Amino acid sequence: MKTNTKSALKVMTIVGTRPELIKLSRIIPLLDEHTQHTLVHTGQNFSPELNEVFFNEMRIRKPDHIFSVAGSTPMNSIAKILESTDQVLESVMPDAVLVLGDTNSALSVIAAKRRKIPIFHLEAGNRSFDQRTPEEVNRKIVDHTSD
28 MKTNTKSALK VMTIVGTRPE LIKLSRIIPL LDEHTQHTLV HTGQNFSPEL
78 NEVFFNEMRI RKPDHIFSVA GSTPMNSIAK ILESTDQVLE SVMPDAVLVL
128 GDTNSALSVI AAKRRKIPIF HLEAGNRSFD QRTPEEVNRK IVDHTSD
């Protein structure tokens, strides 16, 4: 049963990689059913041909917003993720943002935090304790930023 959209929580889920979509493949339809749900794909790991097949096979609906964040450096890509996310946050005005894991796309929580939007972080607290990996740095940033 679909929730009354006038009173439903507005949740924005932000993903950027196929592993995130696999892990969220059961949660996305539930959010669609019970919330005013916006699905955002940052384009961190995006191939139109591959993703079309992937979305169909996993039975995941197409995202409401798809960014193109490929940059010349990882920092350039992160900057594009933050800027694009902030623009969508401004237009959608969600009540909460949901991210998963330790990808560069999960760093979108920085834009949400700046807008004082509560953040739900799945896989919060996971650690490798290897500071040499960018994923560990991302985990710490996302964990400390999340609510």
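When you line the sequence shown up against my numbering, it's residues 28 to 174, in that order.
We put the beta carbon where it would ideally sit given N, CA and C, even for glycine.
Keep in mind it's a predicted model, so treat the numbers as computed, not measured.
- For Q63, the uninterrupted beta strand (DSSP E) run begins and ends at Q63 to H68, by DSSP.
- Residue state for I144 is assigned as coil, using DSSP reduced to three classes.
- Secondary structure in the stretch 73-149: the alpha helix (DSSP H) runs of 4 residues or longer, each lying completely within the stretch, are 75-85, 101-119 and 136-141 in chain order.
- By a beta-carbon distance limit of 8 Å, G43 contacts N72. Their separation comes to about 6 Å.
- Here the alpha carbon of D129 sits roughly 11 Å from the alpha carbon of S135.
- Linking S155 to P101 through their CA atoms gives a straight-line distance of about 20 Å.
- Check the Cα spacing between P161 and each of P46, A133, H61 and P75: the tightest is with A133.
- Excluding residues up to 5 positions away in sequence, T172 lie with their Cβ nearer than 6 Å to the Cβ of K140 in the same chain.
- Contact annotation: the stretch 58-70 touches the stretch 88-102, with at least three C-beta pairs closer than 8 Å.
- Annotated three-state conformation of T44 is coil, per DSSP.
- In summary, V80 is exposed, with fewer than 16 beta-carbon neighbours lying within 10 Å of its beta-carbon over all protein chains present.
- R166: member of the alpha helix (DSSP H) spanning P161 to T172, first to last residue.
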